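Colleague: A single structure is presented below for examination.
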Amino acid sequence: MDFTTILQPKYWLSLTPAPLSSLSEKLLLAFFTMVFVVGIVLRFVERRKNISRFKARAFYLASQLGLTMGAVGLLIFFFSFENVRLFGARFWYLFWVIGVVVWLVYILRDYYKVSPKKLQNEEKRRQREKYLPKKKKK
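Each residue of the sequence shown is one higher than the one before, counting from 41 in the working numbering.
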């Protein structure tokens, strides 16, 4: 395969792309299936009881990414495999990659910027509530 054709806009924007080769079909199917399965595995990891709730949130967001983008990728692959004119176009793969990158940036920002602030605020709240009177038990 000539990689200079991949850099041409005509390659990505054509509504009637050439059919997928046997190897690329197998690779795309395996990749999108793997993304979907990783989403399922992350969902089980997220539900474990012995991880902090902030890590559980990160696993939840990552599992949502895997499940959603795996299913969307399999759908795009199906349309490409069946040579559907509009929905099988290559530009959907570019949108898919852009969507994954944006979603990953959101997850990483949430985990490294937002979650530590929430953890710090929760720790301050616990320290403050330690000295406040509790409701009397009957």
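Think of the CB as a built atom: it goes at the ideal place given N, C-alpha and C, for glycine as much as any other residue.
Because the structure is a prediction, the values reported are computed rather than measured.
Could you tell me the alpha carbon to alpha carbon distance between A98 and E169, rounded to whole angstroms?
Modeller: About 27 angstroms.
Colleague: Over what stretch of residues does the alpha helix (DSSP H) that includes E163 continue unbroken?
Modeller: Here the alpha helix (DSSP H) through E163 covers 155-169.
Colleague: Measuring alpha carbon to alpha carbon, tell me which of L126, F117, L144 ends up nearest S181.
Modeller: Since the first residue shown for the chain is 41 and the last is 178, residue 181 is missing from the structure and cannot be characterised.
Colleague: Tell me the start and end of each unbroken alpha helix (DSSP H) in the stretch 79-103 that is at least 4 residues and wholly inside, in chain order.
Modeller: Correct list: empty.
Colleague: Please report the distance separating the alpha-carbon of L105 from that of P59.
Modeller: The straight-line gap from Cα to Cα measures roughly 28 angstroms.
Colleague: Following the continuous alpha helix (DSSP H) through G185, name the residue where it begins and the one where it ends.
Modeller: Absent from the model: residue 185. The displayed extent of the chain is 41 to 178, so no value can be given.
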